[in-house]
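S.K.: If you're matching them up, the sequences are chains A and B in order. Number 365 marks the last residue of the first sequence (my numbering); no jumps. Number 265 marks the last residue of the second sequence (my numbering); no jumps.
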Amino acid sequence: MNKPDLLAQGIQAGDEQALARGLSVVENREEGWEALLERLYPESRRGFVLGVTGPPGGGKSTLVKRLVEEFRKEGVTVGVLAVDPTSPFSGGALLGDRTRMMDLAGKEGVFIRSMASRGALGGLNPGINDAVLLMEAFGSEVVIIETVGVGQAEIAITEVADMVVVVLVPGQGDEVQALKGGLLEIADLFVINKSDRGGAEELEIHLQWAVAGHEARLGRRPPIVKTAAIKGEGLGELCAGLREHRQRAAETALDEERSRRRADLALRAHLEERIGAAFLTPLLAAEEWHEAIERIARREISPGKSARRLLRKNFPDVWRCTRED
Amino acid sequence: MGKKIRVLIAKPGLDGHDRGARVIAQALRDAGMEVVYTGLRRTPEQVVSAALQEDVDVIGLSSLSGAHIGLFSRVAELLMEKKRTDILLLGGGIIPDKDREVLMAKGFDGIFTPGTTMKEIVTFIEENRGTAK
Ligand SMILES: Nc1nc2c(ncn2[C@@H]2O[C@H](COP(=O)(O)OP(=O)(O)OP(=O)(O)O)[C@@H](O)[C@H]2O)c(=O)[nH]1
Ligand SMILES: [Mg+2]
């Protein structure tokens, strides 16, 4: 048997090391990655994908750990993908979410994988969809994705997750900022964590107003749950909120809509990756690319005009269909 | 996308703080590696379980004193049991020479004491990872 077949078989049989290796294979686009996905795709059962996002340090990892414990109490198997940003300077990354989840290490029915964002535009690793698929094939009934909700990551998460939980903290003064940044639009449920500290009620009132104000536009009113993840408080209410959402999603067409969104993202990601590899990658290494950059930097030519010239010279067919006249 | 060197940094044992481990984690990140940081008070079992799920190329164990030689050895044993001696196993901290020999015999690939520069550690990892024993 060849390598992708062996890996696929191992993953489907619930072999942790096969999953660990498979995740690297798809993340690095190592030899056989496509064959592996092909093997697993038709046979993997769809799991419930829960996105957890919010400003840095809000207690997301602490909360994820508690949620995993709650799911495990009911015998539900869980996969966690904890995404942290890649440093734009070194290309390296410090993946620290596990620090809060180490009690889960070695526990049955829990698989945790840290992932660097690897410079993806949306702040999510471009292989995130494939990683979710592998975890589903492994048998994870719930896949939790933790991302830091700054910039574009929060938008990307809605395209992968069935439900998005936004974690905010009282008294930082940044809650209003966070809502402006788009967290209001993507939340299916708000968590006010660290409610053991003061200010939770104020934030709750503030949020209620914000949510009510947008209800007509968003077509829904995300519930607000107060927790103190560090003490395990509010978990029952949070789990009830998750259950309610899943039930409603199954009854309405929301489930199917999310499935389509996920399919849409996956298809687009695969296309963009291939188009990038076929067209852009060779061009980025070419001499004329560097020449163009020099000239744009000196303001001798506009970036738009330079792009049109590169297109015309290298991909005349594409150039012809993008001409404005 | 391509392969990045993945490293897991842990500090087994109950005492002390993790400043040294954090400094190393950041330095390896700045050298372009993806560093899974697991923090203080880890058992050998937790360290190895996490390292396998994270599919790391390197495990770095940090210690403030020679008191953790038993925990360090246990990590080496567990890796042997799992047949994963291909993972580069490193120790760092105040480790006396006699303990260094014991650890190297147990399967450690490198022991770094406070005099070592970060550059030496980075070079060691780049040159030695993936060389199965
Ligand atoms: N007082 C209080 N502190 C908490 C609570 N939950 C988490 N913390 C603390 O907040 C800090 C950050 O927690 P994390 O779980 O790492 O937060 P995070 O959102 O995952 O952080 P990043 O992934 O770095 O963005 C830690 O020191 C936690 O112990 C809580 O309910 N109350
Ligand atoms: Mg975190």
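Ideal Cβ positions, reconstructed from N, Cα and C, are used throughout, including at glycine.
Along chain A, in chain order, which residues have C-beta atoms closer than 7 Å to that of Met165 of chain B?
M.R.: Translated into the one-based positions of the second sequence, residue 165 of chain B becomes position 33. The answer, in chain order, is Gly132.
S.K.: Can you tell me where the beta strand (DSSP E) holding Leu220 of chain B begins and where it ends?
M.R.: As a first step, residue 220 of chain B must be located in the second sequence, where it is residue number 88. It spans 220 to 225 - the beta strand (DSSP E) in which Leu220 of chain B sits, taken as one unbroken run.
S.K.: I want to verify the contact list: residues of chain B whose CB lies under 9 Å from the CB of Arg61 of chain A, in sequence order.
M.R.: Taking the first residue of the first sequence as position 1, residue 61 of chain A is located at position 21. Correct list: Asp187.
S.K.: Residues around ligand 2, please: the condition is that the C-beta lies closer than 7 Å to some non-hydrogen atom of it.
M.R.: For ligand 2, the selected residues are A:Lys100, A:Ser101, A:Ala122, A:Gly136, A:Asp137, A:Arg140, A:Glu186.
S.K.: Are the C-beta of Asn169 of chain A and some C-beta of chain B separated by less than 9 Å?
M.R.: The sequence position of residue 169 of chain A within the first sequence is 129, counting from 1. So no, Asn169 of chain A is outside the interface.
S.K.: Counting only beta-carbon separations shorter than 9 Å, does Leu135 of chain A have a partner in chain C?
M.R.: Protein chains in the displayed structure are A and B, and chain C is not among them.
S.K.: Please decide whether Ser154 of chain A counts as near chain B, where near means a Cβ-Cβ distance under 9 Å.
M.R.: Walking along the first sequence from the start, residue 154 of chain A turns up at place 114. Closer than 9 Å to some Cβ of chain B, the Cβ of Ser154 of chain A qualifies, so yes.
S.K.: Could you tell me the distance, in whole angstroms, from the CA atom of Leu77 of chain A to the CA atom of Trp249 of chain A?
M.R.: Within the first sequence, the letter at position 37 stands for residue 77 of chain A. Within the first sequence, the letter at position 209 stands for residue 249 of chain A. Rounded to the nearest angstrom, the two C-alpha atoms are 45 Å apart.
S.K.: Taking C-beta pairs closer than 7 Å, name the residues in chain B that Gln57 of chain A reaches, listed in chain order.
M.R.: As a first step, residue 57 of chain A must be located in the first sequence, where it is residue number 17. In chain order: Leu184.
S.K.: Counting only the same chain and skipping the five closest in sequence on each side, list residues whose C-beta sits under 6 Å from that of Arg174 of chain B.
M.R.: For the purposes of this step, residue 174 of chain B is taken as the residue at position 42 of the second sequence. Excluding sequence neighbours, Arg174 of chain B sits near Ala142, Pro144.
S.K.: Please list, in chain order, all residues of the same chain as His254 of chain A whose beta carbon is under 7 Å from its beta carbon, the five residues on each side excluded.
M.R.: Taking the first sequence and counting its residues from 1, one reaches residue 254 of chain A at position 214. Once the five neighbours on either side are set aside, the close Cβ partners of His254 of chain A are Leu224.
S.K.: Of the residues that make up the segment 137 to 152 of chain A, which ones have a beta carbon closer than 7 Å to any beta carbon in chain B?
M.R.: For the segment 137 to 152 of chain A, which is checked against every Cβ of chain B, the residues closer than 7 Å are Arg138, Thr139, Met142, Ala145, Gly146, Phe151, Ile152.
S.K.: Taking only runs that begin and end inside the segment 155 to 214 of chain B, name each unbroken alpha helix (DSSP H) of 4 or more residues, in chain order.
M.R.: Entirely contained in the segment 155 to 214 of chain B, the alpha helix (DSSP H) runs reaching 4 residues are, in chain order, 176 to 185, 201 to 213.
S.K.: Ligand 1 and Thr267 of chain A: does any heavy atom of the ligand fall closer than 8 Å to the residue's C-beta?
M.R.: Locating residue 267 of chain A in the first sequence gives position 227, where the first residue counts as 1. Yes, since a heavy atom of ligand 1 falls inside the 8 Å radius drawn around the Cβ of Thr267 of chain A.
S.K.: At what residues does the beta strand (DSSP E) containing Lys266 of chain A begin and finish?
M.R.: Reading the first sequence from its first residue, position 226 is the one you call residue 266 of chain A. 264 to 266 is the span of the beta strand (DSSP E), which, as asked, contains Lys266 of chain A.
S.K.: Using 10 angstroms around the beta-carbon of Thr117 of chain A, count the other beta-carbons present and answer buried if the total reaches 16, otherwise exposed.
M.R.: As a position in the first sequence, residue 117 of chain A is number 77, starting the count at 1. Classification of Thr117 of chain A: buried, given that the 10 Å Cβ count is 16 or more.
S.K.: To the nearest angstrom, report how far apart Ala325 of chain A and Leu235 of chain B are at their CA atoms.
M.R.: Working through the first sequence from its first residue, we reach residue 325 of chain A at position 285. Working through the second sequence from its first residue, we reach residue 235 of chain B at position 103. If you take the alpha carbons of Ala325 of chain A and Leu235 of chain B, they lie about 46 Å apart.
S.K.: Between Asn165 of chain A and ligand 1, is there a pair consisting of the residue's CB and a ligand heavy atom that are separated by less than 8 Å?
M.R.: As a working mapping, residue 165 of chain A is identified with position 125 in the first sequence. Not so, every heavy atom of ligand 1 lies at least 8 Å from the Cβ.
S.K.: Indicate the three-state DSSP secondary structure (helix, strand or coil) for Pro144 of chain B in the structure shown.
M.R.: Mapped onto the second sequence, residue 144 of chain B falls at position 12. DSSP places Pro144 of chain B in strand when its eight states are reduced to three.
S.K.: Whose C-alpha, out of A:Glu71, A:Gly94, A:Asp170, is nearest the C-alpha of Ser84 of chain A?
M.R.: Here residue 84 of chain A is taken as the residue at index 44 of the first sequence, counted from 1. If we check each option's Cα against that of Ser84 of chain A, A:Asp170 comes out closest.
S.K.: For the segment 147 to 161 of chain B and the segment 151 to 158 of chain A, state whether three or more C-beta atom pairs, one from each stretch, are separated by less than 8 Å.
M.R.: These segments do not touch.
S.K.: Starting from Leu135 of chain A, trace the beta strand (DSSP E) in both directions and tell me its first and last residue.
M.R.: On the first sequence, position 95 is the one that residue 135 of chain A refers to. First-last of the beta strand (DSSP E) with Leu135 of chain A: 133 to 135.
S.K.: Taking the alpha-carbon positions, what's the Ser180 of chain A to Ala347 of chain A distance?
M.R.: Looking up residue 180 of chain A in the first sequence gives position 140. Looking up residue 347 of chain A in the first sequence gives position 307. Roughly 45 Å between the two C-alpha positions.
S.K.: Measuring only from the beta carbon, is Arg173 of chain B closer than 8 Å to any heavy atom that is part of ligand 1?
M.R.: Numbered from its first residue, the second sequence carries residue 173 of chain B at position 41. No, the beta carbon of Arg173 of chain B sits no closer than 8 Å to any heavy atom of ligand 1.
S.K.: Check Ala293 of chain A in the structure and name its three-state DSSP category.
M.R.: Here residue 293 of chain A is taken as the residue at index 253 of the first sequence, counted from 1. Three-state result, Ala293 of chain A: coil.
S.K.: Which residue wins for smallest C-alpha separation from Gly99 of chain A, given the options A:Ile341, A:Ala268, A:Gly281, A:Val251?
M.R.: Position 59 of the first sequence, counted from the first residue, corresponds to residue 99 of chain A. The shortest C-alpha separation from Gly99 of chain A is found at A:Ala268.
S.K.: Between the segment 263 to 283 of chain A and the segment 92 to 111 of chain A, can you find at least three pairs of beta-carbon atoms closer than 8 Å?
M.R.: At 8 Å Cβ cutoff, the stretches touch.
S.K.: With DSSP as the reference, identify every bridge partner of Gly119 of chain A, one or two as the case may be.
M.R.: Against the first sequence, residue 119 of chain A aligns to sequence position 79. In DSSP, Gly119 of chain A forms a bridge with A:Phe151, A:Val183.
S.K.: Below 8 Å, is the gap between the Cβ of Asn260 of chain B and the nearest heavy atom of ligand 1?
M.R.: Position 128 of the second sequence holds residue 260 of chain B. Every heavy atom of ligand 1 is 8 Å or more from the Cβ of Asn260 of chain B, so no.
S.K.: Between the C-alpha atoms of Pro343 of chain A and Gln52 of chain A, what's the straight-line distance to the nearest angstrom?
M.R.: One-based indexing of the first sequence puts residue 343 of chain A at position 303. One-based indexing of the first sequence puts residue 52 of chain A at position 12. So the two alpha carbons sit approximately 49 Å from each other.
S.K.: As an exercise, report each continuous alpha helix (DSSP H) stretch of at least 4 residues that is fully enclosed by the segment 55 to 128 of chain A, in chain order.
M.R.: Within the segment 55 to 128 of chain A, the complete alpha helix (DSSP H) runs of at least 4 residues are 56 to 68, 73 to 80, 100 to 113.
S.K.: Given a threshold of 16 other Cβ atoms within 10 Å of its Cβ, counted over all protein chains shown, does Ile185 of chain A qualify as buried or as exposed?
M.R.: As a first step, residue 185 of chain A must be located in the first sequence, where it is residue number 145. Label assigned to Ile185 of chain A: buried.
S.K.: Are any of the Cβ atoms in chain A nearer than 9 Å to that of Lys214 of chain B?
M.R.: Working through the second sequence from its first residue, we reach residue 214 of chain B at position 82. Yes, Lys214 of chain B counts as interfacial toward chain A.
S.K.: Name, please, each residue of chain A whose Cβ falls closer than 9 Å to the Cβ of Gly152 of chain B.
M.R.: To locate residue 152 of chain B, count along the second sequence from 1; it is residue 20. Neighbours of Gly152 of chain B on chain A: none; closest Cβ ~15 Å, over 9 Å.
S.K.: What do you get for Phe129 of chain A, buried or exposed, if any count of 16 or more other CB atoms within 10 angstroms of its CB means buried?
M.R.: On the first sequence, position 89 is the one that residue 129 of chain A refers to. Classification for Phe129 of chain A: exposed.
S.K.: Leu160 of chain B touches chain A at which residues, Cβ-Cβ below 9 Å?
M.R.: Here residue 160 of chain B refers to the residue found at position 28 of the second sequence. Within chain A, the residues near Leu160 of chain B are Gly132, Leu134.
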